[in-house]
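Below you'll find the structure, written out as structure tokens, and then a few comments.
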Amino acid sequence: MMYPFMTLDDGTEIVHSEMKADGSVKVYIEKPDEKDCFHHAACYIPAYKWDDVFGFSEDEIAEFQKIIESAAYSEKYYENN
């Protein structure tokens, strides 16, 4: 099951899975595209391993990683306080 996390101004959707037994979470990013239908990528945290990247540039993936890291850091802060 995937859960909504964030929709960016350009229509990019970011969703995430439940935490798996090994502590990992799949973050899936999808953006509509007129030519290719959808661009997509998956990131597995906490390792930040990217997989199945289609249509996104390295710069876009770097920006998505900043968003994911920021949200993961915030979640960790609130769990510890």
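Going by the working numbering, the sequence shown opens with residue 210, and the numbers climb by one from there.
Note that CB positions come from ideal geometry on N, CA and C, so glycine has one too.
Note that this is a predicted model, so its numbers are computed, not measured.
Range of the contiguous beta strand (DSSP E) that encloses residue i
i	result
residue 215	211-216
Length of the line joining the Cα atoms of residue i and residue j
i	j	result
residue 246	residue 235	22 Å
residue 223	residue 279	14 Å
residue 291	residue 248	The requested residue 291 is not part of the displayed model; the chain covers only 210 to 290.
residue 228	residue 269	25 Å
residue 274	residue 230	23 Å
residue 266	residue 257	16 Å
residue 213	residue 259	19 Å
Rounded Cβ spacing between residue i and residue j (contact assumed at less than 8 Å)
i	j	result
residue 233	residue 254	7 Å
residue 216	residue 240	The Cβ separation is near 10 Å, so there is no contact.
residue 237	residue 211	6 Å
Selection from the options that minimises the alpha carbon distance to residue i
i	options	result
residue 185	210, 219 and 277	Since the first residue of the chain shown is 210 and the last is 290, residue 185 is not available in this structure.
residue 303	214, 213, 216 and 244	Residue numbering for the chain in the displayed model covers 210 to 290; residue 303 lies beyond these limits and cannot be assessed.
residue 261	251, 267, 270 and 269	251
Below-7 Å beta-carbon distance, residue i vs any chain D residue
i	result
residue 259	Here chain D cannot be found, since the structure has a single protein chain.
Unbroken beta strand (DSSP E) runs of length 3 or more, entirely within the stretch 223-280: which are they?
-> 234-242, 246-254 and 258-263
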